[in-house]
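If you read the sequence shown in this note's numbering, its first letter stands for residue 1, the second for the next number, and so on. Ideal Cβ placement from N, Cα and C applies to all residues, glycine included. One structure is given here, and the rest of the page talks about it.
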Amino acid sequence: MGRLGGFAVAAGVSRGVYEGLRRWRDPRWERVNHAGRGVPLYAGPATALGAAAGAGAGAGGAPVALVVLAAGACGAYDDVRGDGRRGFRAHLAALRGGEVTGGAVKLFGIGAASLVAGALLKERPLDKVLAATVIAGTAHLVNLADVRPGRAGLVVLALGAPGLLRGARAAAPMGAVAAVLGDDLAEETMLGDTGAHALGAAVGAAVAAGNGRLGLAVHAVGLVAAAVYGECAD
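And the structure:
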């Protein structure tokens, strides 16, 4: 399946799931946004499923679909069970005290899924590790951007657009986010951790699949630097 097909499948599934979830009200899936309004997080699971469907529909898309679903599931756990703590240090400190936070689930769950996807996407050991770093790092980066309406979605589109020149894998996350971006910008929904991490993992997998060792290393360094900056900013 080519770029247009992957985009269409992801967009169609995302929109269909989103419209279905809008009829179902659950306070666990609502958050107060920057303007103090209660907003549902239904765009998150919708885009996670859409991006996974779009990726899985293409040849060799199973590793990408796997990491997208895993990232979305870890994000969903934090959306429902998270306590608002931010930063790796806070979650690791809680883990040392015997408490498993939503952030710790994301850190280790998405990290493990990224290692599996990286191992399936690349052949050489170093490339596998670099690919995993890019996938997990991009998931984290998109989540960091999810602080205002539409911002994470626009980041996904900006990161994915160059990837279309290298192959069709970037089309799935772009189609998924395009299906709900208008609602996100209108403050009618939010991606939350579920959508941000799933879409970020999908874009990261597209970047990893489309680059050789030098490109992987450059992306990995930039993403690690962004994570360090985000940790210091917290």
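Exercise for the section: Could you round the C-beta distance between G54 and V17 to whole angstroms and report it? I think they count as a contact, below 8 Å. Expected result: About 12 Å separates the two Cβ atoms, so there is no contact after all.
Exercise for the section: Taking 8 Å as the cut-off, decide whether the C-beta atoms of A201 and I135 are in contact. Expected result: Taking 8 Å as the Cβ cut-off, A201 and I135 qualify as a contacting pair.
Handout entry: Span of the beta strand (DSSP E), counted from its first residue to its last, around P40
Key = G38 to P40
Problem - V32 - partner residues in DSSP beta bridges - result: G38
Handout entry: E188 in three-state terms, based on DSSP
Key = Coil, per DSSP.
Problem - is_contact[N211, chain B] using C-beta, thresh 8 Å - result: Considering every chain present, this structure includes no chain B. It has just one protein chain.
Handout entry: Exposure of P162, with buried meaning 16 or more beta-carbon neighbours within 10 Å
Key = exposed
Handout entry: Endpoints, alpha helix (DSSP H) assigned at V68
Key = A62 to R81
Problem - Candidates G12, P45, A206 and L223: closest to K122 by CA position - result: A206
Handout entry: alpha helix (DSSP H) runs wholly inside the region 158-209, at least 4 long, in chain order
Key = Considered as a whole, the region 158-209 harbours 171-185 and 192-209 as its complete alpha helix (DSSP H) runs of no fewer than 4 residues, in chain order.
Exercise for the section: Quick one: residues in its chain with C-beta nearer than 7 Å to the C-beta of A119, no 5 flanking neighbours on either side, listed in chain order? Expected result: K128
Exercise for the section: Tell me whether A59 sits in a helix, a strand or coil according to DSSP, three-state version. Expected result: coil
Handout entry: Beta-carbon proximity check, V13 vs G60, cutoff 8 Å
Key = no
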